[in-house]
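Under our numbering, think of the first position of the sequence shown as 181, with each following residue one higher. Note that the Cβ used here is the ideal one computed from N, Cα and C, for glycine as well. Comments concern the structure below.
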Amino acid sequence: MTTEWDGLPDNVKKFMTALDAREGAPALAVFTTDAVVTDEGHDHSGRGEIAAWLTDSVSESEYTYTTEFTGAITTGTTVDVTQHLEGNFPGGVVDLHYRFTLDGALINRLVIEP
Numbered sequence: 181m182t183t184e185w186d187g188l189p190d191n192v193k194k195f196m197t198a199l200d201a202r203e204g205a206p207a208l209a210v211f212t213t214d215a216v217v218t219d220e221g222h223d224h225s226g227r228g229e230i231a232a233w234l235t236d237s238v239s240e241s242e243y244t245y246t247t248e249f250t251g252a253i254t255t256g257t258t259v260d261v262t263q264h265l266e267g268n269f270p271g272g273v274v275d276l277h278y279r280f281t282l283d284g285a286l287i288n289r290l291v292i293e294p
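Written as structure tokens, this is what we have:
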């Protein structure tokens, strides 16, 4: 089912908003204690590793970019969010998929890939 921004689960909106604002703590709060995040082909397991990944992701890096929500599809406990990014990173433009698997009110799996 196609989902607009306002129809996304609160935990997904909180994560995406915190990531865009480069705020790690609110982003971490929406994960289960045993969650796994896969980004750039690497798994980050548990809150400790996810916290370290978020710190790296949200810290001021050499790249600046803008993001735009372009759509989402919800199927059962899975939410696939697409974001369009433009910036000064290699390639300059990318559409990323954030595939969330929900466990009640929290996220227990996130895969980020083009």
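Are the region 216-226 and the region 238-254 touching, with three or more C-beta to C-beta distances below 8 Å? no
Would a check of beta-carbon distances place residue 239 closer than 8 Å to chain D? Structure shown: chain D not included; a single protein chain is present.
Have a look at residue 249 and residue 265 and give me their C-alpha separation to the nearest angstrom. Approximately 9 Å between the Cα atoms of the pair.
Give me the DSSP bridge partner(s) of residue 282. 287
Between the alpha carbons of residue 192 and residue 280, how many angstroms are there, rounded? 8 Å
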